[in-house]
Amino acid sequence: MTQNTPLHGAHVAAGARMVDFGGWDMPINYGSQLEEHHAVRKAAGMFDVSHMTIVDIQGAQARAFLGQLLANDVGKLQVPGKALYSCMLQEDGGVIDDLIVYYLAEDWFRLVVNAATREQDLSWIQAHAGSMDVAVTEQAGLAMIAVQGPQARAAAARLLDAEQAAAAMALKPFNALAMNDWFVARTGYTGEDGFELAMPAVEANGAWAQLLDAGVRPCGLGARDTLRLEAGMNLYGQDMDRTVTPLESGLAWTVSLDQERDFIGRDALLAQKQAGLSRKLVGLVLEDRGVLRHGQKVLSEAGEGVITSGTYSPTLQRAIALARVPQAMGQSCEVLIRDRQLAARAVRPPFARQGAVCDGILQA
Amino acid sequence: MSTVPENLRYTESHEWVGKQDDGTVRVGITDHAQAALGDLVYVELPAVGDEFDQGDACAVVESVKAASDIYAPLAGEVVAVNEELDADPALVNNDAYGGGWLFAIAPAEAGADEDLLDAETYAQQLG
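Same order as they appear, the protein sequences are chains C and D. Throughout, the numbering used here is defined as the position within the first sequence, counted from one, plus 1394. Throughout, the numbering used here is defined as the position within the second sequence, counted from one, plus 270.
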């Protein structure tokens, strides 16, 4: 039984192609995924991300609890509104999910976690909240719209009254504001500027229609995937899961090991670091013509690897991927596509952000 | 509603076949197929001279979403490929029955295309 977001009717009416995504009937595109992708890089696009799970952690021990739960250090969140990207780990260091945590008040932190992992996440969080003075509350009544692109913030500000709009426009990147029952965050999953807006479900269709009037293009999960991959952002379930650690997933920068803070998975990560890593996650650019896809084999002098996410990049106009490969692999490798071995080059993501290809991705 | 021209023949796997004056047939994918695949970004064509049996995988079209095999609708030898698709695979999306043709076959057996689905039957299959 698939679930529908409050905007489901608007997607169908707009002629969207719908697919099952983590139990939700979601738009994959509204006609052309490529045009949607370019709209976000060059102007403004909007995504229904109401399927994502919002969880509030409230209470006197909220910060202490999240200090144990998350691999990144919520101690870094000192100014209300600041956001932090983190993984939530098992004891063995395997990734249960990745999420964004927003610091709204000393007794109120908000998590946004993946839809596909909702049940496991909620039960893990509840189980570890145990005897601590925290309340764990899923905000299922909120819809969420991500408005992304160079013109996105100005378009989205039209949904707010003058005072709220001024406050929203003053938000620095990776900061958020709770405004009555709305929540405005300057975050996203595209490598472009923009907002993620959470609002009561009954207000979602009005907001969507107003954004449409403002010239914001509806974009499906297809463009969301090519945009996030160009931006070098991992997708949970593809680029990492419970069988790998953040250190093997290009996410060492999100793990805070330097303090004495005792978080779940810390010992396993320290042990893995001491023993030496055998695998790493890298970006790949295909030198030959073709398309990189999840599951294709990577061949190198250092051994074999596998593509975790691959696509045609509309911005680079060639195939790009994230791949888990031997730690010792250098720049050059080959990818097995059907019965052919095609030349690829390892690069450091991101591939493209803010409308342009990043430095060092395309050789002169 | 996708278009299904009357003058072509079709396969259940959504290829179309168009008879040319010289007895060869052009092969492409239907409007329904291109819409389902989404924006095409790469087409891998057979080589001129390749021979296939009916139903052999003989080309690959890749959209932003996925790679899909194209099956030879008839047995025969490839006599031409659409080289314009190299630079502009979106021709398949924009002109599926015209400029977006994939390759041409000299059928091993004359008139074999008559056994393929006619437009009415293919349109019924689409529902």
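For every residue, glycine included, the Cβ atom is placed at its ideal position computed from N, Cα and C.
Put simply, of Gly-1670(C), Asp-1661(C), Gln-1725(C), Ser-1426(C) the residue whose alpha carbon is nearest the alpha carbon of Glu-1695(C) is Gln-1725(C). Taking the beta carbon of Arg-1435(C) as reference, no residue of chain D falls within 8 Å; the closest one sits roughly 14 Å away.
Between Pro-1744(C) and Ala-1625(C), the beta carbon gap of about 5 Å places them in contact (Cβ cut-off 8 Å).
Within the stretch 1410–1435 of chain C, Asn-1423, Ser-1426, Gln-1427, Leu-1428 place their CB atoms closer than 7 Å to a CB of chain D, listed in sequence order.
Residues of the stretch 1669–1689 of chain C whose Cβ lies closer than 8 Å to any Cβ of chain D, in chain order: Arg-1683, Gly-1684, Val-1685, Arg-1687. One Cα belongs to Arg-1747(C), the other to Leu-1478(C), and the distance between them is close to 19 Å. The Cβ atoms of Val-1649(C) and Arg-1718(C) do not sit closer than 9 Å to each other.
Taking 9 Å as the CB threshold, Asp-358(D) stays off the interface with chain C. Interface annotation, Ala-1713(C): in contact with chain D, CB-CB separation under 9 Å. Beta-bridge pairing by DSSP links Tyr-1424(C) to no other residue. In this structure, the CA atom of Leu-315(D) is about 19 Å from the CA atom of Arg-1687(C). Tyr-1706(C) reaches chain D at Val-311, Tyr-312, Glu-332, Val-334, counting residues in chain order whose Cβ is nearer than 8 Å. Here Leu-1571(C) carries a strand assignment [DSSP, helix/strand/coil].
For Ala-303(D), same chain residues with a beta-carbon under 6 Å away, outside a window of 5 residues either side, are His-284 in chain order. Look at Trp-1518(C) here: in three-state DSSP terms it is helix.
Closest in C-alpha terms to Leu-372(D), from the list Tyr-392(D), Ala-329(D), Leu-386(D), Asp-388(D), comes Ala-329(D).
Non-local beta-carbon contacts of Glu-1698(C) in its own chain, meaning distances under 7 Å to residues more than five positions away in sequence, involve Lys-1691, Val-1692 in chain order.
Residue nearest to Ile-1701(C) within the set Pro-1544(C), Ala-1603(C), Arg-1712(C), Gly-1677(C) is Gly-1677(C) (criterion: CA-CA distance). Among the residues of chain D, none has a CB under 8 Å from the CB of Thr-1709(C); the nearest is roughly 12 Å distant. Ranking Gln-1427(C), Gln-1757(C), Leu-1736(C) by CA distance to the CA of Gly-1684(C) puts Leu-1736(C) first.
Here the C-alpha atom of Cys-1481(C) lies approximately 44 Å from the C-alpha atom of Ile-299(D). In the structure shown, the three-state DSSP call for Tyr-1583(C) is coil.
Annotated three-state conformation of Lys-1436(C) is helix, per DSSP. In the DSSP assignment, Arg-1718(C) falls within the unbroken beta strand (DSSP E) covering 1712–1720.
The Cβ-Cβ distance between Ala-1662(C) and Glu-1485(C) falls below 9 Å.
If you compare the alpha carbons of Leu-355(D), Lys-335(D), Ala-317(D), Leu-344(D) with that of Gly-325(D), the shortest gap goes to Leu-344(D). Following the DSSP letters along the chain, one finds Tyr-392(D) inside the alpha helix (DSSP H) bounded by residues 389–396. Interface residue (Cβ-Cβ distance to chain C less than 9 Å): Gly-308(D) is classified as such. Per DSSP, Leu-1641(C) lies in no alpha helix (DSSP H) and is assigned neither H nor E. Within the same chain, Asn-1599 come within 8 Å of Gly-1403(C) by CB-CB distance, once the 5 residues on both sides are set aside. For the pair of segments examined, the stretch 1553–1566 of chain C was found to touch the stretch 1576–1585 of chain C: the number of CB pairs separated by less than 8 Å reaches three. For Ala-317(D), the nearest beta carbon of chain C is not closer than 9 Å to its own beta carbon. Between Pro-1421(C) and Val-1434(C), the gap from beta carbon to beta carbon reaches 9 Å or more. In terms of Cβ geometry, Ser-1703(C) and Leu-1629(C) form a close pair [threshold 9 Å]. Around the beta carbon of Ser-1517(C), fewer than 16 other beta carbons lie within 10 angstroms, which makes this residue exposed. A straight-line Cα-Cα distance of about 45 Å links Phe-1459(C) and Gly-1425(C).
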